[in-house]
Amino acid sequence: MFALTNDHGPEQLSGDTLEDLRRQIVDYHETNRTDPQYGDYIDQFHAVYPLDETELDYEESPAAPRPLTPEILCGLAAMVWDTPSVTLA
12 MFALTNDHGP
22 EQLSGDTLED
32 LRRQIVDYHE
42 TNRTDPQYGD
52 YIDQFHAVYP
62 LDETELDYEE
72 SPAAPRPLTP
82 EILCGLAAMV
92 WDTPSVTLA
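With this note's numbering applied, the sequence shown has no gaps in its numbers, which climb one by one up to 100 at the end.
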């Protein structure tokens with residue numbers, strides 16, 4: 012069991028795997044942002060919601076997402092929650 016906590020706000024998530032937490036963070040972003048911003052983590056969004064083949068240009072193939080690590084998950088959460096730091100326990 013993992014817990015992800017915003018060190019400077021009320022947000023907190025828990026899940027059995029890092030992938031569970033990633034999905035929750037991506038869903039939180041998609042639900043709460045009126046102007047989606049993906050930054051350096053677009054690959055993590057595509058890991059949760061892969062691009063449809065019709066969204067790709069001719070002869071373009073989807074990029075493989077980076078393997079999910081605790082550091083990438085914390086960076087993604089910090090970007091989505093717009094906070095300088097998060098804690099993963």
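Heads up, the beta-carbon is just placed ideally off N, CA and C, and yes, glycines get one too.
Predicted, not measured: the structure shown is a model, and the values here were computed from it.
Beta-bridge partners of residue i, as assigned by DSSP
i   : result
P14 : Reading off the sequence shown, one finds Ala at residue 14, where the question assumed Pro. According to DSSP, A14 bridges with S25.
V97 : N17
Residue i to residue j span [Cα, whole Å]
i   : j   : result
I36 : D27 : 14 angstroms
P47 : V91 : 9 angstroms
R33 : F13 : 11 angstroms
T16 : D38 : 16 angstroms
T42 : Q23 : 16 angstroms
Candidates the options: closest to residue i by CA position
i   : options            : result
A88 : D63, E64, R77, Y52 : Y52
D54 : Y69, L99, I83      : I83
Presumed contact (8 angstroms Cβ cut-off) between residue i and residue j, rounded CB distance
i   : j   : result
P76 : L29 : Not confirmed; about 13 angstroms, so no contact.
Requested in this report: Let me know the alpha helix (DSSP H) ranges lying completely inside the region 31–82, each 4 residues or longer, listed in chain order.
Outcome: For the region 31–82, whole alpha helix (DSSP H) runs of length 4 or above, ordered along the chain, are 53–59.
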